[in-house]
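The structure under discussion appears below in the form of structure tokens.
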Amino acid sequence: MLANFHTHTNFSDGKDSPEDNVIYAIEQGFESLGFTDHSYMDFDLSYCVKDTKGYMAEINRLKEKYKSEIEIYLGIEEDIFSKNRENGFDYIIGSVHYVKKDGEYYPIDYDIENTKNAIEVFGGPLQLAENYFESLCEYIETKKLDIVGHFDLITKFDEQNAPIFLGNGEYIEIAKKYLKRAMKSQPIFEINTGAISRKLRTTPYPCEELLYELCKNDAKIVLSSDSHQKEHLDFWFKEAKDMLYEIGFRNSYIIKNNRFESRKIR
Ligand SMILES: [Zn+2]
Ligand SMILES: [Zn+2]
Numbered sequence: 102m103l104a105n106f107h108t109h110t111n112f113s114d115g116k117d118s119p120e121d122n123v124i125y126a127i128e129q130g131f132e133s134l135g136f137t138d139h140s141y142m143d144f145d146l147s148y149c150v151k152d153t154k155g156y157m158a159e160i161n162r163l164k165e166k167y168k169s170e171i172e173i174y175l176g177i178e179e180d181i182f183s184k185n186r187e188n189g190f191d192y193i194i195g196s197v198h199y200v201k202k203d204g205e206y207y208p209i210d211y212d213i214e215n216t217k218n219a220i221e222v223f224g225g226p227l228q229l230a231e232n233y234f235e236s237l238c239e240y241i242e243t244k245k246l247d248i249v250g251h252f253d254l255i256t257k258f259d260e261q262n263a264p265i266f267l268g269n270g271e272y273i274e275i276a277k278k279y280l281k282r283a284m285k286s287q288p289i290f291e292i293n294t295g296a297i298s299r300k301l302r303t304t305p306y307p308c309e310e311l312l313y314e315l316c317k318n319d320a321k322i323v324l325s326s327d328s329h330q331k332e333h334l335d336f337w338f339k340e341a342k343d344m345l346y347e348i349g350f351r352n353s354y355i356i357k358n359n360r361f362e363s364r365k366i367r
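Here it is in structure tokens:
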């Protein structure tokens with residue numbers, strides 16, 4: 102079955118309107134589609150939803166209009182530093198896109214320069230990783246989240262230059278330590294192919310070592326494309342399913358009839 106639950110539109114930093122995404126998804130034979138534009142961030146308006154009410158109204162309108170053809174869900178990709186959470190979302194993806202020090206926010210997924218800057222500010226890649234994962238785990242433990250967004254996003258630019266994190270055994274141990282902690286809250290972890298469609302990466306988040314850890318512990322997973330244009334709604338899904346099956350996963354989660362349910366990968 103085809104479904105995606107991490108979809109950006111032109112309400113935030115995506116290219117296409119929600120309706121264009123819906124029409125395309127129906128044409129491709131999708132059963133479900135979940136929208137998750139970026140939550141409002143008062144300190145960085147460059148990529149978030151500015152009109153949250155308008156976004157919610159539009160997705161709810163599409164839900165009704167296309168209900169005989171596709172299941173549509175209203176989600177949001179909430180950032181840890183978003184101040185308010187509106188009521189009325191079907192589900193929440195919780196993500197960390199910044200690290201914070203002395204009142205300053207440092208984006209970790211903007212570009213390689215910003216990531217290097219954050220590394221310098223925090224005194225090294227391992228210290229940055231500790232800070233990033235600590236914030237992510239606290240967030241998972243204190244806020245009600247359905248899906249953890251791109252668990253190891255700090256590795257986004259690792260294939261652009263010499264790898265900073267991946268391939269460093271000490272980093273992998275830190276990431277595993279926090280993954281084990283995050284799993285205790287039993288969220289659903291997304292297997293996110295977004296950086297592959299943007300030609301930044303050849304593998305999804307989380308990295309392979311962490312995928313084995315998730316599999317070993319029977320963690321719940323959801324496959325998501327983090328798409329920013331409609332043609333990418335199921336980008337690299339076939340390859341990802343093969344990869345997950347190979348690792349040992351047999352099921353992933355989807356939203357169907359308003360609830361998360363497990364489906365066979367094959
Ligand atoms: Zn994100
Ligand atoms: Zn996203």
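With our numbering applied, the sequence shown covers 102 to 367.
Cβ coordinates follow ideal geometry from the N, Cα and C atoms, glycine included.
Residue burial classification, residue i (beta-carbon count within 10 angstroms, cutoff 16)
i, result
"Asp117", "buried"
"Asp210", "buried"
"Ser325", "buried"
"Ala158", "exposed"
"Tyr346", "exposed"
"Lys331", "buried"
"Arg302", "buried"
Heavy atom of ligand 1 within 7 Å of residue i beta-carbon
i, result
"His198", "yes"
"Gly349", "no"
"Gly250", "yes"
Identity of the residue in the options nearest residue i by Cα
i, options, result
"Tyr174", "Leu301, Arg360 and Arg364", "Arg360"
"Asp292", "Phe336, Glu172 and Lys154", "Reading off the sequence shown, one finds Ile at residue 292, where the question assumed Asp. Nearest of Phe336, Glu172 and Lys154 to Ile292, Cα basis: Phe336."
"His329", "Ile127, Tyr148 and Ser133", "Tyr148"
"Asn61", "Met102, Lys151 and Arg302", "The requested residue 61 does not occur in the structure, where the chain is confined to residues 102 to 367."
"Ile213", "Asp327, Arg367 and Thr256", "Thr256"
"Gly130", "Asn105, Ala296 and Leu146", "Asn105"
"Asp343", "Ile366, Phe252 and Lys281", "Ile366"
"Cys238", "Asn262, Ile275, Pro226 and Ile348", "Ile275"
"Phe252", "Arg299, Val323, Phe136 and Asn269", "Val323"
Closer than 7 Å: residue i CB and nearest ligand 2 heavy atom
i, result
"Glu327", "At residue 327 the sequence reads Asp, which differs from the Glu that was named. Yes, the beta carbon of Asp327 sits closer than 7 Å to at least one heavy atom of ligand 2."
"His333", "no"
"Glu178", "yes"
Cutoff 8 Å: residue i Cβ touching any chain C Cβ
i, result
"Leu163", "Given the protein chain composition of this structure (a single chain), no chain C is represented."
Checklist line | Runs of beta strand (DSSP E) lying entirely within the stretch 284-356, each at least 3 residues, in chain order | finding: Taking only runs of at least 3 residues, the beta strand (DSSP E) segments lying wholly in the stretch 284-356 are 289-293 and 321-325.
Next item on the list: Could you pull out every unbroken alpha helix (DSSP H) segment of at least 4 residues lying fully inside the stretch 119-168, listed in chain order?
Entry: As far as the stretch 119-168 is concerned, its whole alpha helix (DSSP H) runs of at least 4 residues are 119-129 and 153-166.
Margin query: Between the stretch 279-298 and the stretch 243-256, can you find at least three pairs of beta-carbon atoms closer than 8 Å?
Written below: As far as the Cβ criterion goes, the stretch 243-256 touches the stretch 279-298, which means the pair count is three or higher.
Next item on the list: Would you mind listing the beta strand (DSSP E) stretches within the stretch 171-247 that are 3+ residues and don't spill past its ends, in chain order?
Entry: Those beta strand (DSSP E) runs which fall completely within the stretch 171-247 and span 3+ residues are 172-180, 192-196, 199-202 and 205-208.
Check: Quick check: the stretch 125-144 against the stretch 162-181, are there 3 or more CB pairs under 8 Å?
Finding: Yes, they touch.
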